[in-house]
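>
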Amino acid sequence: MADTLTYKILRKHLVSGELVAGGEIGIKIDQTLTQDATGTMAYLQLEAMGIKKVKTELSVSYVDHNTLQEGFENADDHRYLQSVAAKYGILFSRPGNGICHQVHLERFAKPGKTLLGSDSHTPTCGGMGMLAMGAGGLDVAVAMGGGPFYLLTPRVIKVELFGKLCNWVTAKDVILYVLSLVSTKGNVNKVLEYCGEGLKGLSVPERATIANMGAETGVTASIFPSDEITWQFLSAQSRSQDWAEFKADSDAKYDEEIMLNLSKIVPMAAAPHSPGNVVTVKEIAGLKVNQVAIGSCTNSSLRDLMVVGKILADKKVHPDVSLIVAPGSRQVFSMIAKNGVLAEMIDAGARIMESSCGFCIGNGQSPVTGAVSVRTGNRNFEGRSGTAGAKVYLVSPETAALCALRGEFIDPLALDENDYPQITLPERFDIDDGMILKPAADPHAVDIMRGPNIGEPPSNEPLPPEVKGVVLIKLADKITTDHIMPAGHRLKYRSNIKKYSEFVFEGIDPDFARNALAIREQKKAVFILAGASYGQGSSREHAAICPMYLGVKAVLAKSFERIHSANLVNFGILPLVFVNEADYERIDKGDEIEMSGILERLERNEHVVIFNKTRNIKINMAYFLTDRQKKILKAGGLLNYTKQQSA
Ligand code: MIC
Ligand code: SF4
83 MADTLTYKIL
93 RKHLVSGELV
103 AGGEIGIKID
113 QTLTQDATGT
123 MAYLQLEAMG
133 IKKVKTELSV
143 SYVDHNTLQE
153 GFENADDHRY
163 LQSVAAKYGI
173 LFSRPGNGIC
183 HQVHLERFAK
193 PGKTLLGSDS
203 HTPTCGGMGM
213 LAMGAGGLDV
223 AVAMGGGPFY
233 LLTPRVIKVE
243 LFGKLCNWVT
253 AKDVILYVLS
263 LVSTKGNVNK
273 VLEYCGEGLK
283 GLSVPERATI
293 ANMGAETGVT
303 ASIFPSDEIT
313 WQFLSAQSRS
323 QDWAEFKADS
333 DAKYDEEIML
343 NLSKIVPMAA
353 APHSPGNVVT
363 VKEIAGLKVN
373 QVAIGSCTNS
383 SLRDLMVVGK
393 ILADKKVHPD
403 VSLIVAPGSR
413 QVFSMIAKNG
423 VLAEMIDAGA
433 RIMESSCGFC
443 IGNGQSPVTG
453 AVSVRTGNRN
463 FEGRSGTAGA
473 KVYLVSPETA
483 ALCALRGEFI
493 DPLALDENDY
503 PQITLPERFD
513 IDDGMILKPA
523 ADPHAVDIMR
533 GPNIGEPPSN
543 EPLPPEVKGV
553 VLIKLADKIT
563 TDHIMPAGHR
573 LKYRSNIKKY
583 SEFVFEGIDP
593 DFARNALAIR
603 EQKKAVFILA
613 GASYGQGSSR
623 EHAAICPMYL
633 GVKAVLAKSF
643 ERIHSANLVN
653 FGILPLVFVN
663 EADYERIDKG
673 DEIEMSGILE
683 RLERNEHVVI
693 FNKTRNIKIN
703 MAYFLTDRQK
713 KILKAGGLLN
723 YTKQQSA
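Structural data, given as structure tokens:
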């Protein structure tokens, strides 16, 4: 049978179900990764499952998100994570070692394998020919325990690349262009599979940039074949033994096809406040810039920073611009330190940050009021930078470096082609895994270290047959998990659900949490009403856990994003979709809602009917739940369900 690369890998890992687009399958997960912001919850849940040791081929726990350590909370989290890793057979990448996706690509990603990570940019390693997917921490915990990962069999979109990128045009511009074609909506349960002769010009880190930001389209994963270029990268990382060739059959059938002429792509930017709001840099040339931030898991590889260093060399950052550079990994950091590129950046006036997520998640470096901030990351949601109203543009490292020198946007193609900095990448990267700690030889000797910030994972009760309550918020389209559960300086409460819950919808309705608790006190349920693509962005399951804690029983929306809707189910919240979208208008904030016979209706595959008591009308709601998910909801969440299963 002729298979796409995606289906080849899925077929090899299939544990349950059939490979028919749209149907549920369970697959074996070879590798997992977690990061600190989602990791503490994932490991608390792993502990609650009662397993002794992870059952994957490889599991890595990274600390890269909250490295600021303002107060004791982050440091306590790090110590907890380190002790859990030692006890459960997990590698621990220490703070300072770099951003999970960059380090994983360098040191662990393996063609043909499956990777599940508690971070939405886990698909980055698709640049290495692996099927890499983001999920909530609880799903990752189940995979670490040896359980399958359940997903809907994706439709596969072929993206055939031909031609060659011009000087000053980069992989970032390619993915921004793809975003301009497919947008950030309507791509749930699809995979972007790249192929074609244009691949020859794209190194693994460049492919990883494209796969990374594929997450912003909403697809489950992006994947590149494993070829000669993959071999070169692995061999430069002294890992050629990890290489094997993987590609689609030549006569494989795809669900959709996109032809992409690389020679025609020009420098692009995602304008505020969505990664899908794509314009050409030429269109915004002349726009004044206040801040430039280079780094993040999208664009902080050795290639990226070498080019930036060359552009900055012997020049000075514009007086009105603050330039920040955060290398993606310690390997990159150390190599640019040794080859002189770091000195070029420092001499130009760059402010050098630790190898971590930092500014990308709004953890420090909030721009000035009203700023135009130019960044090489993947998300420019409103407020994510930490400054409400700041306008964040997402661009390539090349475009960003030019903005830092000029103090305004300039179209790189207006420059002389021959001025494009030529760099040569080394044949061998510096390998030093000294900041990746191995698990303990004797797990019994390890005590799990918990500081006062580490709470219990909250539990939920089984879904009752009847729910009565109040609609507490009415939201527009494209609400992101950054809107639901702000990160930035609130990140440090990730391990403390009671405290973190105080900030649910903080930027939209600062009274939400207080009002929700008051409703919960009256033994009533809280409902969230939302538009299309609810839950875009991050995989943070806190966007489900904290609402659960506040008494939210259902979200009524026009549509949901994949990871978030799975997270809602995992924490026992019903994701319901309007059968008739116009009914969204027939509910308002404050309306009293009743749902009855829920369990029987789910069982019989009938619409759930909600009775809007305030307006005396009935509204039909659909759901896209597998039988397994219905059982999870009935049990009051995945943790309860998993415990029931093992009992
Ligand atoms: C993000 O980019 O939004 C994050 C922070 O990496 C999140 C994970 C989190 O919220 O901890 C993600 O992408 O999943
Ligand atoms: Fe970290 Fe930003 Fe990447 Fe998320 S998108 S993993 S915050 S660098």
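Counting with this note's numbering, you get residues 83 to 729 for the letters of the sequence shown.
Cβ coordinates follow ideal geometry from the N, Cα and C atoms, glycine included.
Whole angstroms are fine: how far does the CA of glycine 300 sit from the CA of valine 264?
So the alpha carbons of these two residues sit roughly 10 Å apart.
> Helix, strand or coil for tyrosine 616, going by three-state DSSP, please let me know.
DSSP places tyrosine 616 in strand when its eight states are reduced to three.
> Going by beta-carbon coordinates alone, are serine 143 and serine 175 separated by less than 8 Å?
In contact: serine 143 and serine 175 (Cβ atoms closer than 8 Å).
> Could you give the residue range of the alpha helix (DSSP H) that holds tyrosine 582?
579 to 582 is the span of the alpha helix (DSSP H), which, as asked, contains tyrosine 582.
> If contacts are defined as beta-carbon pairs under 8 Å, then valine 586 and proline 629 qualify, I think. What distance do you get, rounded to the angstrom?
Right, their Cβ atoms sit about 6 Å apart.
> Using 10 angstroms around the beta-carbon of lysine 695, count the other beta-carbons present and answer buried if the total reaches 16, otherwise exposed.
With fewer than 16 other Cβ atoms within 10 Å, it is exposed.
> For the alpha helix (DSSP H) that contains glutamate 155, what are its first and last residues?
Where glutamate 155 is concerned, the enclosing alpha helix (DSSP H) stretches over 155 to 170.
> With distance defined between alpha-carbon atoms, name the residue in Lys364, Met703 and Leu715 nearest to asparagine 662.
That would be Met703, whose Cα lies nearest to the Cα of asparagine 662.
> Look at the alpha carbon of glycine 377 and the alpha carbon of serine 478, and state the distance between them as a whole number of angstroms.
Looking at the two C-alpha atoms, the distance is approximately 10 Å.
> Please determine whether the Cβ atom of glycine 216 lies at a distance below 7 Å from any heavy atom of ligand 1.
Within the cutoff, so yes.
> I need the straight-line Cα distance from asparagine 156 to asparagine 249, nearest angstrom please.
Between asparagine 156 and asparagine 249, the C-alpha separation is close to 42 Å.
> Closer than 7 Å by C-beta to lysine 397: which residues in its own chain qualify, once you throw out the five before and the five after it? Chain order, please.
Answer for lysine 397: Ala430 and Leu487, listed in chain order.
> Would you check whether ligand 2 has a heavy atom nearer than 7 Å to the C-beta of histidine 526?
Checking the Cβ of histidine 526 against ligand 2 gives no.
> Within 10 angstroms of its Cβ, does glutamine 413 collect 16 or more other Cβ (buried), or is it exposed?
Label assigned to glutamine 413: buried.
> With 16 other CB atoms within 10 Å as the buried threshold, where does proline 592 fall?
By the neighbour-count rule (16 or more Cβ atoms within 10 Å), proline 592 is not buried but exposed.
> What are the boundary residues of the beta strand (DSSP E) that glycine 121 is part of?
From DSSP, glycine 121 is part of no beta strand (DSSP E) but of the alpha helix (DSSP H) over 118 to 131.
> To the nearest angstrom, how far is the alpha carbon of glutamate 509 from that of methionine 131?
About 45 Å.
> Looking at C-alpha atoms only, which residue of Ala214, Ser320, Arg161 and Gly194 is the closest neighbour of cysteine 182?
Of the candidates Ala214, Ser320, Arg161 and Gly194, the one whose C-alpha sits nearest the C-alpha of cysteine 182 is Ala214.
> Does ligand 4 have even one heavy atom less than 7 Å from the beta-carbon of isoleucine 443?
Annotation note on ligand 4: not contained in the displayed structure, which lists ligand 1 and ligand 2 as its ligands.
> Once DSSP output is grouped into helix, strand and coil, what is the label at arginine 433?
Correct three-state label for arginine 433: strand.
> Straight-line CA distance for valine 241 to serine 332?
Valine 241 and serine 332: Cα-Cα distance of roughly 14 Å.
> So does the stretch 559 to 579 actually touch the stretch 463 to 472, counting three or more Cβ pairs closer than 8 Å?
Because the criterion of three Cβ pairs below 8 Å is met, the stretch 559 to 579 and the stretch 463 to 472 touch.
> Please identify the residue among Pro205, Ala523 and Pro349 whose C-alpha is closest to the C-alpha of alanine 167.
Of the candidates Pro205, Ala523 and Pro349, the one whose C-alpha sits nearest the C-alpha of alanine 167 is Ala523.
> Please return the same chain residues whose Cβ sits closer than 7 Å to the Cβ of isoleucine 579, not counting the five positions on each side in sequence.
Once the five neighbours on either side are set aside, the close Cβ partners of isoleucine 579 are Gly537, Pro540, Ile627, Cys628 and Tyr631.
> In whole angstroms, what is the alpha-carbon distance linking glutamine 744 and isoleucine 133?
For residue 744 there is no data in the structure shown, the boundaries of the chain being 83 and 729.
> Do the stretch 102 to 118 and the stretch 191 to 206 meet, that is, are 3 or more Cβ pairs less than 8 Å apart?
At 8 Å Cβ cutoff, the stretches touch.
> Does the beta-carbon distance from glutamate 623 to glycine 219 come in below 8 Å?
A contact, by the Cβ cut-off of 8 Å.
> Hey, out of Val423, Ile513, Met350 and Ala527, whose CA is closest to arginine 457's CA?
Ranking Val423, Ile513, Met350 and Ala527 by Cα distance to arginine 457 puts Met350 first.
> Secondary structure at glutamate 298, three-state DSSP: helix, strand or coil?
Looking at glutamate 298 - three-state DSSP - the assignment turns out to be helix.
> For tyrosine 144, does the three-state DSSP call read helix, strand or coil?
Reduced to three states, the DSSP call for tyrosine 144 is strand.
> DSSP beta-bridge partners for proline 657?
DSSP, once it has assigned bridges, lists Val637 as partnering proline 657.
> Verify the contact flag: arginine 457, CB atom, against every heavy atom of ligand 2, threshold strictly below 7 Å.
Outside the cutoff, so no.
> Just to confirm my understanding: we take serine 98, look at its own chain, exclude 5 residues before and 5 after, and list those with CB closer than 6 Å. What are they?
Excluding residues within five positions, the ones whose Cβ falls inside 6 Å are Gly108.
> Between which two residues does the beta strand (DSSP E) harbouring glutamate 339 extend?
That run of the beta strand (DSSP E) goes 338 to 343.
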